[in-house]
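Quick notes on the structure that follows.
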Amino acid sequence: MTLLRVEELDCRYGLLQAVRGVSFEVAQGETLALIGANGAGKSTLLRAIAGAHRPHAGRVVFDGADVTNMPAHRRVSLGIALVPEGRRLFPSLTVDENLRVAAGGRGRWNVQSVLEVFPLLQPRRHMPAANLSGGEQQAVAIGRALMSNPRLLLLDEVSLGLAPIVVDAVYRSLGGIIGEGTTVLLVEQDLTRALKVAGRVICVLEGRIVLEGAAASLDRDRVIGAYFGLKRPA
Amino acid sequence: MTIANAVLQGIFLGAFYAVLACGLSIMFGVMRIINLAHGDIAVLGAYVVFVIVQNTGMSPFVAFVAALPVMIALGYLLQLTVLERSLKSGILTPLLATFGLSIVIQNLLLIAFSPDVRSLGGNAGAVTTSSWQITSGLSVSALGVVILVVAVLVFGALQLFLSRTRAGWRMRATAEDADAAELVGINSRGVYARATALAVAIAALGGLFLAIRSVFDPVSGPTQLIFAFEAVVIGGMGSLWGTLLGGLALGVAQTVGAQINPEYSALTGHLLFLAVLVIRFGGGRVSWRAAR
Numbered sequence: 001m002t003l004l005r006v007e008e009l010d011c012r013y014g015l016l017q018a019v020r021g022v023s024f025e026v027a028q029g030e031t032l033a034l035i036g037a038n039g040a041g042k043s044t045l046l047r048a049i050a051g052a053h054r055p056h057a058g059r060v061v062f063d064g065a066d067v068t069n070m071p072a073h074r075r076v077s078l079g080i081a082l083v084p085e086g087r088r089l090f091p092s093l094t095v096d097e098n099l100r101v102a103a104g105g106r107g108r109w110n111v112q113s114v115l116e117v118f119p120l121l122q123p124r125r126h127m128p129a130a131n132l133s134g135g136e137q138q139a140v141a142i143g144r145a146l147m148s149n150p151r152l153l154l155l156d157e158v159s160l161g162l163a164p165i166v167v168d169a170v171y172r173s174l175g176g177i178i179g180e181g182t183t184v185l186l187v188e189q190d191l192t193r194a195l196k197v198a199g200r201v202i203c204v205l206e207g208r209i210v211l212e213g214a215a216a217s218l219d220r221d222r223v224i225g226a227y228f229g230l231k232r233p234a
Numbered sequence: 235m236t237i238a239n240a241v242l243q244g245i246f247l248g249a250f251y252a253v254l255a256c257g258l259s260i261m262f263g264v265m266r267i268i269n270l271a272h273g274d275i276a277v278l279g280a281y282v283v284f285v286i287v288q289n290t291g292m293s294p295f296v297a298f299v300a301a302l303p304v305m306i307a308l309g310y311l312l313q314l315t316v317l318e319r320s321l322k323s324g325i326l327t328p329l330l331a332t333f334g335l336s337i338v339i340q341n342l343l344l345i346a347f348s349p350d351v352r353s354l355g356g357n358a359g360a361v362t363t364s365s366w367q368i369t370s371g372l373s374v375s376a377l378g379v380v381i382l383v384v385a386v387l388v389f390g391a392l393q394l395f396l397s398r399t400r401a402g403w404r405m406r407a408t409a410e411d412a413d414a415a416e417l418v419g420i421n422s423r424g425v426y427a428r429a430t431a432l433a434v435a436i437a438a439l440g441g442l443f444l445a446i447r448s449v450f451d452p453v454s455g456p457t458q459l460i461f462a463f464e465a466v467v468i469g470g471m472g473s474l475w476g477t478l479l480g481g482l483a484l485g486v487a488q489t490v491g492a493q494i495n496p497e498y499s500a501l502t503g504h505l506l507f508l509a510v511l512v513i514r515f516g517g518g519r520v521s522w523r524a525a526r
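Those protein sequence lines, which keep their order, are chains A and B. Start counting the first sequence at 1; every next residue gets the next number (my numbering). Start counting the second sequence at 235; every next residue gets the next number (my numbering).
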């Protein structure tokens with residue numbers, strides 16, 4: 001069953017066209033990775049799906065309903081949650097408040113269950129988010145998105161600016177969340193990690209989809225070619 | 235003893251300034267709007283109370299409670315019609331929009347109520363005239379105590395609201411990052427409208443105190459705005475408790491100045507304001523962090 005359908009999406013920043021006529025579908029329970037170089041339009045695509053960026057043309061259809069012109073906060077109550085690039089926590093709010101301010105929907109996620117998945121946050125609960133380390137902040141950002149009990153979780157470069165060992169820990173926790181059947185759409189620069197965690201991969205180059213396929217069926221060289229635009233598939 | 239009395243009276247005066255400044259501080263803290271119509275909104279609140287008192291003969295304090303829903307509705311309307319649009323086009327536009335609004339309010343009040351000077355002091359009953367003599371040089375007016383207690387209650391309630399309730403967390407989250415707040419399901423338009431409604435309601439409370447403790451006319455607003463603005467800046471922009479302390483400091487500076495020479499009242503207040511500006515932003519180390 002299709003949970004998310006993106007149709008001919010165009011996104012612009014003034015004259016700059018970041019996303020050009022992109023169409024794809026995400027099935028219920030699937031984990032899909034968007035890969036591509038810096039500036040390929042991956043983050044813009046995620047932001048348009050979450051409602052933080054109004055597209056110039058095209059449609060975003062979630063669970064059968066057209067949400068293209070719906071404000072971001074209403075998409076959250078429908079079940080779309082974005083972990084934005086750069087984490088974007090509320091710095092003066094404590095970890096606890098950052099999580100609880102985002103609570104909504106019905107499901108398994110609450111402060112307690114988030115802290116079980118990210119036990120490193122337990123001793124930090126009553127500290128302002130500004131005082132946390134990068135890895136801890138990323139855990140709060142993911143936990144905050146989970147608090148709305150989303151059906152579709154959008155992850156934008158969760159490994160950015162983190163030490164490799166911290167990235168491993170974040171992805172270990174994510175593995176459990178993905179295993180529970182939440183549909184995940186993630187943007188990742190690290191090819192190896194994207195191919196490992198995702199069932200299907202879409203490669204974006206200069207705002208267009210240049211390669212799409214099951215992670216297991218794609219060989220690395222072809223993906224690298226598409227990633228850098230070395231040899232464009234016909 | 236006269237200095238002690240001046241300081242005491244200054245604290246009562248400062249509590250009044252703090253109530254006036256509170257809404258200004260909220261709107262700046264949440265939306266980064268400097269509301270140049272804030273003083274006029276306070277005076278408008280005073281007129282709404284005045285009309286109710288004239289028509290029903292009830293006490294101004296009771297009339298204020300009746301006026302509250304009107305002012306809250308006005309705040310919502312102001313945000314959703316004028317300020318929301320102006321916010322979309324940079325930080326200068328809300329400044330110009332509220333400046334225009336200030337002129338509109340003053341002239342509408344002139345048309346409706348004439349330039350006559352009014353007061354609600356006579357309608358407020360014994361509270362305006364009672365006082366307690368502590369020593370020969372030290373007296374405490376009942377109205378001063380009422381204003382001080384209400385000011386502390388208002389600031390304390392706001393503090394509890396922002397730190398303990400989910401609606402308060404939503405307001406702080408939106409103030410810090412409206413974009414990210416939307417992404418966690420917070421309706422930022424709604425939060426902004428509630429913040430403005432709250433600011434307008436507290437401005438009306440300031441207007442009520444103005445009307446009871448002295449006099450007002452349709453163009454009293456800008457003078458009140460200057461004192462409120464100074465209180466906000468002295469206490470640190472965007473800080474709630476700072477605004478209360480800033481108001482008290484301004485009040486004390488004015489009454490102590492007046493003790494030296496009655497002509498110095500406003501002057502010493504302005505001097506304190508300038509001194510704070512020089513200390514905070516001066517010395518070649520200009521920092522816009524507080525006004526970010």
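All C-beta atoms in this analysis are idealised placements derived from N, C-alpha and C, irrespective of residue type, glycine included. Because the structure is a prediction, the values reported are computed rather than measured.
- Non-local C-beta neighbours of B/ARG404 in its own chain, meaning closer than 8 Å and more than five positions away in sequence, comprise ALA415, ILE420, VAL425, ordered along the chain.
- Within chain B, no C-beta atom comes nearer than 8 Å to that of A/GLU85; the closest sits roughly 11 Å away.
- Taking the beta carbon of A/ALA72 as reference, the chain B residues within 7 Å of it are GLU416, LEU417, listed in sequence order.
- DSSP links A/VAL6 through a beta bridge to A/PHE24, A/VAL60.
- For B/ILE420, at least one C-beta of chain A is nearer than 8 Å to its own C-beta.
- At a C-beta separation below 8 Å, B/TRP475 has no neighbours in chain A, since its nearest C-beta there lies roughly 14 Å away.
- Classified as exposed, B/ASN495 has fewer than 16 neighbouring CB atoms from the shown chains inside 10 Å of its CB.
- Taking C-alpha positions only, A/ALA50 is separated from B/ASP274 by approximately 41 Å.
- A/ARG20 sits buried, since 16 or more C-beta atoms from the chains shown fall within 10 Å of its C-beta.
- Sequence-distant partners of B/ILE468 (beyond 5 residues in either direction) whose C-beta falls short of 7 Å from its own C-beta, in its chain, are GLY480, ALA483, LEU484, LEU506, PHE507, VAL510.
- Note on A/TRP109: 16 or more other CB atoms within 10 angstroms of its CB, so buried under the neighbour-count rule.
- Taking the CA atoms as reference points, B/THR489 sits about 33 Å from B/GLN288.
- Remark: fewer than three beta-carbon pairs, one from each stretch, lie closer than 8 Å, so the region 367-386 of chain B and the region 300-310 of chain B are not flagged as touching.
- B/LEU344 sits away from B/ILE446, with the two beta carbons spaced by 8 Å or more.
- Annotation: Cβ neighbours of B/ASP413 in chain A (cutoff 7 Å, chain order): ALA52.
- The way I'd put it, the region 345-362 of chain B does touch the region 443-463 of chain B; three or more beta-carbon pairs between them come closer than 8 Å.
- A/VAL76 belongs to the set of residues whose beta carbon lies under 8 Å from a beta carbon in chain B.
- According to DSSP, B/ASP413 shares a beta bridge with no other residue.
- DSSP lists no beta-bridge partner residue for A/VAL140.
- When Cβ pairs closer than 8 Å are counted between the two stretches, the region 30-37 of chain A is seen not to touch the region 8-17 of chain A, the count staying below three.
- In this structure, DSSP gives A/ASP221 a helical state, which the three-state scheme calls helix.
- Judged by DSSP in its simplified three-state form, A/TRP109 adopts coil rather than helix or strand.
- When the five nearest sequence neighbours on each side are left out, the beta carbons in the same chain lying within less than 8 Å of the beta carbon of A/SER173 are those of VAL117, PHE118, ALA139, ILE142, in order along the chain.
- Nearest to B/ALA331 by alpha-carbon distance, out of B/LEU342, B/ILE286, B/GLU318, is B/GLU318.
- Straight across, the Cα-Cα distance linking B/PRO294 with B/VAL384 is about 15 Å.
- Judged by DSSP secondary structure, B/THR369 falls within the beta strand (DSSP E) whose first and last residues are 365-369.
- Per DSSP, reduced to three states, the secondary structure at A/GLY213 is strand.
- About 6 Å separates the CB atoms of B/GLU464 and B/GLY503; that is less than 8 Å, so the two are in contact.
- For B/ALA462, none of the residues of chain A pass the 8 Å Cβ criterion, the least Cβ distance being about 24 Å.
- Within the region 143-172 of chain A, those residues whose Cβ lies closer than 9 Å to any Cβ of chain B are, in chain order, ARG144, ALA145, MET147, SER148.
- For B/ARG352, there is no enclosing beta strand (DSSP E), as DSSP marks it with neither H nor E.
- Listed along the chain, the chain B residues whose CB falls inside 9 Å of the CB of A/PRO91 are GLU410, ASP411.
- Beta-bridge partners of A/PRO128 (DSSP): A/THR94.
- Annotation: A/VAL60 to A/LEU3 spans about 11 Å, alpha carbon to alpha carbon.
- B/SER353 has its alpha-carbon roughly 50 Å from the corresponding atom of A/MET70.
- When 7 Å is used as the limit between beta carbons, A/GLY104 is near these residues of chain B: GLY419, in chain order.
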